[in-house]
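This report concerns only the one structure given below.
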């Protein structure tokens, strides 16, 4: 096991229609199941939305890091879409991700290289690798 830099945790009560709160800060969210996922809808968030936010932030940091290492001036706006899908293997559900990088100050070739390198480095990408489908898309500022 490697050096542990920090640990964080959260506690959920009531599942997808309950609450989730950080045990390390004042961050707390009401949860509601989306109508499209047989839920009541409502103003709360859901685990997939929270996951997409964390993944987008983490991937963005990985992109900045690889851009610096490659002495690139490229900048990225990262959008992560998380989809809940049927899992035909067991009749349950599975996740899929699409990561789109809107890249400025880079050629297409450079941008795609940096996206691939960020995907290799990002802890969220490492955690999902081989577990869920992850599609990378690169958009270049024209």
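Numbering (this note's numbering), first residue to last: 790 to 931. Cβ coordinates follow ideal geometry from the N, Cα and C atoms, glycine included. This structure is a prediction, so every number in the text was calculated from the model and none was measured.
**Item:** Bridge-paired residues (DSSP) for residue 811
**Value:** 799
**Asked** To the nearest whole angstrom, what separates the beta carbons of residue 903 and residue 845, a pair I think is in contact under 8 angstroms?
**Response** Actually they are not in contact, since the Cβ atoms of residue 903 and residue 845 sit about 16 angstroms apart, beyond 8 angstroms.
**Endpoints, beta strand (DSSP E) assigned at residue 794** = Element bounds for residue 794: n/a, residue is neither H nor E.
**Item:** Span separating the alpha-carbon of residue 885 from that of residue 862
**Value:** 30 angstroms
**Message:** If we require 4 or more residues per run, which alpha helix (DSSP H) segments fall completely within the stretch 854-930?
**Reply:** 897-910 and 912-917
**beta strand (DSSP E) segment containing residue 818, residue limits** = 817-819
**Item:** residue 804, buried or exposed, once every other Cβ within 10 Å from all chains shown has been counted against 16
**Value:** exposed
**Asked** I think residue 848 touches residue 867, with their Cβ atoms under 8 angstroms apart; what is that distance to the nearest whole Å?
**Response** 5 angstroms
**Request:** Compare the C-alpha of residue 833 against each of 808, 931 and 869 and name the closest.
**Result:** 808
**Rounded Cβ spacing between residue 888 and residue 837 (contact assumed at less than 8 angstroms)** = About 14 angstroms; that fails the 8 angstroms criterion.
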